[in-house]
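J.:
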Amino acid sequence: MSEVMINLRRSPRKLLERDGHPGPGPGRLALILARAGVGKTAFLVDVGMDALLSGQEVLHIALDSTVDKVRTWYDDILTEMLRLEKKLDDLAPLQVAIERRRHIHTYIGQSFSTDRLREVAAMLRDVMHFEPKVILLDEVNADELDEEKISSIKAVAAEMGAELWMACQTYREGPQAAPGHLPPPADQFEEQVDLAFRLVSEDSKVRLHVLKDHEQMLDEDLHIVLDPQTQLVTFGVGG
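First residue of the sequence shown? That's 97 in my numbering, and the numbers climb one at a time after it.
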């Protein structure tokens, strides 16, 4: 089992580390920007899967998906990873191990707030003895966020000793990114963003660009590709 866990450490976190852009670290925020349907959720689940297979506990928060739907994302991606490794016999035990390390929390029909996150964190810690080291925020309405709210969310993550990954939708229509800034609506809280990446759909592939690395603003193709068919990431070729 442990050998399988090591062999399946394929995720954005590992590829980014190799490319000189390691994860944000406890209490810090990595932002994934993309238009609707490009692959933000798949990317977050890949991040979460890497953490889970590395032995970390993960809290996945979604606003518009049921627990079952989010769990299906994980099951499908794990199945594809095992299929490529020709280790589908390990699917059932790995699913059990992952279920123990992952908590999915949804807010369907509700707004997300720092207070709600703090309540969930306290419940997980005090009742379930569950202390995530990676928090994934998916389907959060970034238009309702500002620097103060993001700062508060990061503070809760810091208290938990967890790094924070959040998906943010961008739009084809409306204002575009000003030079040296993140695209709207992320520009409203960009000072609180430690790492920012953009998923760009090109032909039949989705490529990953880094837009911000701590204090440095960039727009650099990392030659990391999200396969729309398998929902897995790998190194791409060309620019």
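For each residue, glycine too, the CB sits at the ideal point set by N, CA and C. Predicted, not measured: the structure shown is a model, and the values here were computed from it.
Is Arg-303 helix, strand or coil by DSSP?
T.: strand
J.: Nearest CA to the CA of Ser-161: which residue from Glu-235, Leu-149, Pro-122?
T.: Glu-235
J.: Can you give the beta carbon distance from Val-230 to Ala-147, rounded, assuming they're within the 8 Å contact cut?
T.: 4 Å
J.: Flag this pair as yes or no: are the beta carbons of Glu-286 and Leu-295 separated by less than 7 Å?
T.: no
J.: Taking the alpha carbon of His-156 as the point to measure from, which residue in Gly-144, Leu-149, Lys-165 has its own alpha carbon closest?
T.: In this structure, Gly-144 is the residue among Gly-144, Leu-149, Lys-165 with its C-alpha nearest to the C-alpha of His-156.
J.: Let me make sure I understand the geometry here. Which of Ala-158, His-199, His-305 has the alpha-carbon closest to that of Ala-238?
T.: Of Ala-158, His-199, His-305, the residue nearest in Cα terms is Ala-158.
J.: On the criterion of 16 or more Cβ atoms from any shown chain inside 10 Å, does Phe-331 qualify as buried, or is it exposed?
T.: Exposed, since its Cβ has fewer than 16 Cβ neighbours within 10 Å.
J.: Could you pull out every residue in the same chain whose Cβ sits closer than 7 Å to the Cβ of Asp-242, ignoring the five residues on either side in sequence?
T.: Gln-284, Phe-285
J.: Does DSSP put Asp-242 in a helix, a strand or coil?
T.: coil
J.: Taking only three categories from DSSP, how would you classify Ile-157?
T.: strand
J.: On the three-state DSSP scale, how would you describe Gln-191?
T.: helix
J.: If you compare alpha carbons, which of Ile-173, Glu-195, Pro-122, Ser-248 is closest to Leu-140?
T.: Residue Ile-173 is the option with its Cα nearest to Leu-140.
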